[in-house]
Amino acid sequence: MISGLGYAGFGSDKLEDWRRFGTNMVGFQAIERGNSLLAFRMDDRKQRIVIDRAMGDGARFFGWEVADGTALDALAARLESAGVTVTAEPQTLADARRVRALISFHDPAGNRLEAFHGAETDDAPFSPGRSISGFRTGPLGLGHVVLTVENIEPIMAFYTKVLGFGLSDYIEKPFRAYFFHVNPRHHSLALIETGKAGMHHLMVELFSLDDVGQSYDVALAEERVNVTLGRHTNDLMTSFYAKTPSSFMVECGWGGREIDPASWQPVEMHHGPSLWGHERVWLPEKDREVAREMRMNAAREGLRAPVQVMEGNYKLMSGTCAWWDGVRRN
Ligand code: FE2
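In my numbering, each residue's number is its place in the sequence shown (first place is 1) plus 322.
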């Protein structure tokens with residue numbers, strides 16, 4: 323029913339810091355909207371991310387996309403029959419969100435969720451804040467959001483049973499994290515059990531690996547790196563995490579895998595969240611130690627996965643080593 327993460331908004335009064343961070347480091351296009359609102363574009367849509375001074379620090383909302391008005395009505399009915407209070411939002415808010423229509427409600431952790439249809443696109447082409455090759459959005463949505471929660475189970479039940487998200491996989495060590503899909507993107511949502519409800523990170527995926535490497539240089543120079551460059555075991559994303567001007571992180575990634583939601587079977591992942599790298603400043607030292615040990619195990623076992631590429635961002639090479647060519651032939 324829900325087809326993707328369409329937009330997200332965060333309350334912050336650090337609009338100037340956010341504008342610099344969003345354009346200079348991530349590569350968003352900034353659209354100034356008066357002195358209390360900053361909007362970011364990532365593609366042909368009029369806005370994807372909103373930073374709103376009026377919302378207050380720590381406030382946030384997530385816009386989940388459905389196909390049309392009929393689907394929006396059906397989702398509202400489904401929520402109400404599950405006992406969830408749904409608000410049909412007025413045209414003024416739909417205009418501000420640059421969509422045709424939206425409803426709002428809350429998940430059991432208190433996150434404001436919006437469901438919408440009919441996102442407006444801009445006639446002017448996307449113009450990134452620094453020279454990047456672009457973001458991978460379209461039918462995969464803008465990326466993924468990761469929330470921290472007190473207790474995963476009740477929140478997971480809401481997203482899977484009421485909203486229809488599919489469980490992709492989960493880890494129990496070095497921390498509990500559950501990953502959910504609504505389209506072929508491996509996860510559009512994840513929940514990390516930290517004992518406290520909050521915003522952990524927002525992931526955006528870039529077209530070229532070099533876009534991520536160049537963001538990494540900017541983040542290093544500005545001392546924003548909160549998780550070093552590494553590769554995830556489940557979505558196979560090569561990424562790093564930067565501190566935003568707010569209290570959460572943005573993950574800049576490349577090469578995320580696609581899954582087939584119709585046939586996907588969720589599994590527990592035993593190698594931790596990363597094949598290599600991703601040293602996590604945000605984790606308590608004893609958990610970092612566990613994470614390091616899991617990575618070393620993965621390395622000892624020779625855990626690896628092919629890179630996941632798209633037309634235009636790779637070039638297939640021929641082998642140049644007789645031994646390797648022999649290995650490949652077999
Ligand atoms: Fe992530």
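From the three backbone atoms N, C-alpha and C, an ideal C-beta is built for every residue, glycine too.
Item, Value
"Close-in-space but distant-in-sequence residues of the same chain around F480 (CB under 6 angstroms, 5 per side omitted)", "D429 and P430"
"Cβ-heavy atom distance, S571 to the ligand FE2, below 6 angstroms", "Inspection of the sequence shows that residue 571 is occupied by Met rather than by Ser. Not under cutoff, so the answer is no."
"Minimum C-alpha distance to M571 - residue among M521, I454 and E611", "M521"
"Exposed unless 16 or more other CB atoms sit within 10 angstroms - verdict on A653", "There is no way to answer for residue 653, as the model of the chain reaches only from 323 to 652."
"Whole-angstrom distance between R579 and Y636, CA atom to CA atom", "15 angstroms"
"M377: CB within 6 angstroms of a non-hydrogen atom of the ligand FE2", "no"
"Beta-ladder partner(s) of W645, from DSSP", "Paired residues: none, contrary to the question."
"Opposing strand residues paired with H439 [DSSP bridges]", "A423"
"Buried versus exposed, by CB contacts within 10 Å (16 or more), G432", "exposed"
"Which residues DSSP lists as bridging E354, in chain order", "L360"
"For V540, three-class secondary structure by DSSP", "helix"
"Cβ-based neighbour list, K336, same chain, cut-off 6 angstroms, excluding 5 preceding and 5 following", "P567"
"Contained beta strand (DSSP E) runs [length at least 3] in the segment 576-649, N- to C-terminal order", "596-599"
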